[in-house]
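Here the sequence shown is numbered in the working numbering, starting from 490 and rising by one per residue. Some notes on the structure that comes next.
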Amino acid sequence: MPSISRGIGNFVERKRVAKRDLNSRPREEKRREEEREREMAGPVREVAAPAAVKTTALNCISLSDPDINRSVSLLRQACLDSGFFYVVDHGISQEFMDEVFFQSKKFFDLPLPEKMKLLRNEKHRGYTPPLDELLDPENQVLGDYKEGYYIGVEVPEDDPQAEKPFFGPNQWPSKDILPGWRRVMEQYHQEALRVSRSIAKIIALALDLDADFFDKPEMLGDPIATLRLLHYERGEYFTNHFCKASNPVKGIYGCGAHSDYGLITLLATDDVVGLQICKDKDAQPQTWEYVAPLKGGFIVNLGDMLERWSNGVFRSTLHRVIVDGQERYSMAYFVEPSHECLVECLPSCTSETNPPKYPPVTCAAYLSQRYKDTHLDLTSYHERQTREEQT
Ligand SMILES: O=C(O)CCC(=O)C(=O)O
Ligand SMILES: [Fe+2]
Numbered sequence: 490m491p492s493i494s495r496g497i498g499n500f501v502e503r504k505r506v507a508k509r510d511l512n513s514r515p516r517e518e519k520r521r522e523e524e525r526e527r528e529m530a531g532p533v534r535e536v537a538a539p540a541a542v543k544t545t546a547l548n549c550i551s552l553s554d555p556d557i558n559r560s561v562s563l564l565r566q567a568c569l570d571s572g573f574f575y576v577v578d579h580g581i582s583q584e585f586m587d588e589v590f591f592q593s594k595k596f597f598d599l600p601l602p603e604k605m606k607l608l609r610n611e612k613h614r615g616y617t618p619p620l621d622e623l624l625d626p627e628n629q630v631l632g633d634y635k636e637g638y639y640i641g642v643e644v645p646e647d648d649p650q651a652e653k654p655f656f657g658p659n660q661w662p663s664k665d666i667l668p669g670w671r672r673v674m675e676q677y678h679q680e681a682l683r684v685s686r687s688i689a690k691i692i693a694l695a696l697d698l699d700a701d702f703f704d705k706p707e708m709l710g711d712p713i714a715t716l717r718l719l720h721y722e723r724g725e726y727f728t729n730h731f732c733k734a735s736n737p738v739k740g741i742y743g744c745g746a747h748s749d750y751g752l753i754t755l756l757a758t759d760d761v762v763g764l765q766i767c768k769d770k771d772a773q774p775q776t777w778e779y780v781a782p783l784k785g786g787f788i789v790n791l792g793d794m795l796e797r798w799s800n801g802v803f804r805s806t807l808h809r810v811i812v813d814g815q816e817r818y819s820m821a822y823f824v825e826p827s828h829e830c831l832v833e834c835l836p837s838c839t840s841e842t843n844p845p846k847y848p849p850v851t852c853a854a855y856l857s858q859r860y861k862d863t864h865l866d867l868t869s870y871h872e873r874q875t876r877e878e879q880t
């Protein structure tokens with residue numbers, strides 16, 4: 490298992506190893522070869538769903554708690570311990586959360602060719618099919634089995650901001666197919682941003698900064714905030730012999746081990762257990778613990794940018810998803826600052842004896858590299874389409 494990359498330099502280095510492999514044998518080709526091998530070997534044994542899995546205890550922060558000192562202390566402790574905590578009383582109603590999940594399911598229920606019409610574009614908006622992403626190349630054979638849908642900040646085509654990476658118009662399923670879908674997703678995006686800003690205030694206080702530290706224009710003024718709908722299928726994919734149940738021994742995961750890239754992630758899940766965290770990414774062997782779903786609440790985790798800002802005091806935590814034969818839906822809301830934001834060690838997190846551990850990096854440059862390293866090159870889809878059209 491890789492230890493998590495500490496600077497962008499290390500990250501690039503680790504991924505370069507994976508890239509070399511991809512270059513010598515294109516991933517699409519490797520994928521087919523693996524499929525053939527699997528067919529020959531017969532179905533992969535399904536890992537039985539754990540009857541009663543042991544889950545880790547996480548601190549729970551209520552956003553309506555009038556005692557801000559208690560919230561700050563709970564959050565600080567969580568950030569030092571696991572980098573994961575629950576957030577409740579966030580002001581998004583259970584009915585609305587249910588509606589977002591319902592709409593998400595409706596999209597993933599569409600036939601694959603329909604979803605492929607909305608394949609993610611170079612701005613990272615739209616549909617990501619299974620195996621589009623490879624988060625942990627050292628331990629995964631093909632890629633993540635989840636499928637997803639990216640929805641970012643809606644920026645019209647003619648807005649000068651649309652020239653920036655990650656900004657531009659979203660891709661929306663046609664109203665005839667999914668009426669009301671866009672409205673629900675846009676509302677959820679806005680609500681999740683509001684919740685994120687409230688959490689960022691508590692994080693700032695926990696780092697001995699002013700409460701509005703992350704509210705500055707270059708921080709969460711014009712953030713790169715991305716909603717990603719996720720679906721972990723239970724069944725089979727590509728061929729009848731190809732089982733998608735996670736099997737760590739064989740390098741099959743719903744979502745491979747990784748840490749998120751930005752400030753924080755707000756994760757909403759259905760009630761199917763599957764998320765695992767590794768509190769100490771440097772320990773060998775690594776210990777993985779399940780996180781229990783919390784109906785109506787968010788599971789919040791810290792991203793790599795916060796680890797960099799805080800000079801490693803608040804750590805981004807390695808996590809992954811094991812799908813044990815049950816279909817699962819989740820929604821991740823990734824909160825990243827504005828494009829030009831320089832992520833560098835905060836004055837409150839360094840001293841003469843504790844110099845900055847990471848070089849400063851702009852948000853857009855850092856994110857672009859991370860997306861490039863983990864997602865399939867879009868040209869491989871175009872090549873496949875051309876091949877299919879020719880045959
Ligand atoms: O689906 C989940 O529970 C986690 C997804 C995740 O970690 C991610 O998309 O970054
Ligand atoms: Fe994640």
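The C-beta atom is built at its ideal place from N, Cα and C for all residues, glycine as well. Predicted model, so just to flag it, every value in this text is computed and none were measured.
For residue i and residue j, what's the separation of their Cα atoms in angstroms?
| i | j | result |
| --- | --- | --- |
| Met-605 | Val-738 | 31 Å |
| Tyr-779 | Val-812 | 12 Å |
| Gly-751 | Asp-665 | 35 Å |
| Glu-528 | Tyr-721 | Confidence is the limiting factor: at Glu-528 the pLDDT is only 44, short of 50, which leaves the residue's position unreliable, though a coordinate-based value still follows. Roughly 22 Å separates the two Cα atoms. |
| Cys-852 | Phe-787 | 24 Å |
| Ser-685 | Ala-695 | 15 Å |
| Asp-633 | Leu-624 | 7 Å |
| Asp-701 | Pro-712 | 15 Å |
| Arg-525 | Leu-620 | Confidence is the limiting factor: at Arg-525 the pLDDT is only 49, short of 50, which leaves the residue's position unreliable and the question unanswerable from this model. |
| Asp-793 | Thr-880 | 44 Å |
| Phe-656 | Lys-690 | 25 Å |
| Asp-759 | Arg-723 | 14 Å |
| Ala-693 | Asp-578 | 20 Å |
| Leu-865 | Tyr-818 | 22 Å |
| Phe-597 | Asn-628 | 27 Å |
| Tyr-847 | Tyr-855 | 12 Å |
| Lys-861 | Leu-552 | 35 Å |
| Glu-833 | Glu-877 | 47 Å |
| Glu-652 | Gly-641 | 14 Å |
| Thr-735 | Asp-647 | The identity of residue 735 in the sequence shown is Ser, whereas the question assumes Thr. Each residue's Cα considered, the two are about 44 Å apart. |
| Val-561 | Ser-869 | 46 Å |
| Ala-781 | Val-589 | 20 Å |
| Arg-672 | Tyr-639 | 15 Å |
| Asp-587 | Leu-682 | 18 Å |
| Lys-705 | Thr-715 | 19 Å |
| Gln-874 | Asp-554 | 53 Å |
| Leu-867 | Arg-614 | 12 Å |
| Asn-659 | Glu-643 | 6 Å |
Looking at the structure shown, is residue i part of a helix, part of a strand, or coil, going by DSSP?
| i | result |
| --- | --- |
| Arg-876 | helix |
| Ala-681 | helix |
| Arg-723 | coil |
| Ser-582 | coil |
| Leu-563 | helix |
| Leu-696 | coil |
| Ile-811 | coil |
| Ser-593 | helix |
| Phe-574 | strand |
| Ser-551 | strand |
| Phe-803 | coil |
| Asp-704 | helix |
| Asp-587 | helix |
Of all the options the options, which has the alpha carbon lying nearest to the alpha carbon of residue i?
| i | options | result |
| --- | --- | --- |
| Val-789 | Phe-823, Asp-769, Asp-759 and Gln-815 | Phe-823 |
| Asp-697 | Thr-842, Ser-837, Asp-554 and Asp-862 | Ser-837 |
| Gln-815 | Asp-749, Gly-743 and Thr-863 | Gly-743 |
| Thr-842 | Arg-614, Asn-800, Glu-877 and Met-708 | Asn-800 |
| Gly-572 | Val-673, Lys-768 and Cys-830 | Lys-768 |
| Val-474 | Leu-783, Pro-845 and Glu-603 | As displayed, the chain neither begins before 490 nor continues past 880, which places residue 474 out of reach and without an answer. |
| Leu-601 | Pro-618, Leu-563, Phe-585 and Val-589 | Pro-618 |
| Val-576 | Ser-840, Leu-756 and Pro-706 | Leu-756 |
| Arg-565 | Val-810, Leu-795 and Glu-878 | Leu-795 |
| His-747 | Thr-776, Ile-766, Ile-753 and Asp-704 | Ile-766 |
| Cys-830 | Ile-688, Arg-797, Ala-781 and Trp-777 | Arg-797 |
| Asn-548 | Asp-556, Cys-568, Val-542 and Asn-558 | Cys-568 |
| Arg-804 | Gln-592, Ile-753 and Pro-849 | Ile-753 |
| Lys-784 | Phe-585, Ser-687, Asp-556 and His-808 | Phe-585 |
| Tyr-616 | Leu-718, Gly-740, Val-850 and Glu-680 | Leu-718 |
| Asp-699 | Pro-774, Lys-543 and Leu-835 | Leu-835 |
| Gln-679 | Glu-707, Phe-574, Gly-580 and Asp-749 | Gly-580 |
| Gly-637 | Lys-595, Pro-649 and Gly-669 | Lys-595 |
Per DSSP, which residues does residue i bridge with? Please list them.
| i | result |
| --- | --- |
| Ser-886 | Residue 886 is absent from the structure shown; the chain starts at 490 and stops at 880. |
| Arg-717 | Tyr-639 and Ala-821 |
| Thr-894 | The first residue shown for the chain is 490 and the last is 880, placing residue 894 beyond what the model contains. |
### Query
Which runs of the beta strand (DSSP E) spanning at least 3 residues fall entirely within the stretch 814-874, listed in chain order?
817-825
### Task
Would you mind listing the alpha helix (DSSP H) stretches within the stretch 728-801 that are 4+ residues and don't spill past its ends, in chain order?
793-798
### Query
Which ranges does the beta strand (DSSP E) cover as unbroken runs of at least 3 residues, wholly within the stretch 598-671, from first to last along the chain?
615-617 and 636-640
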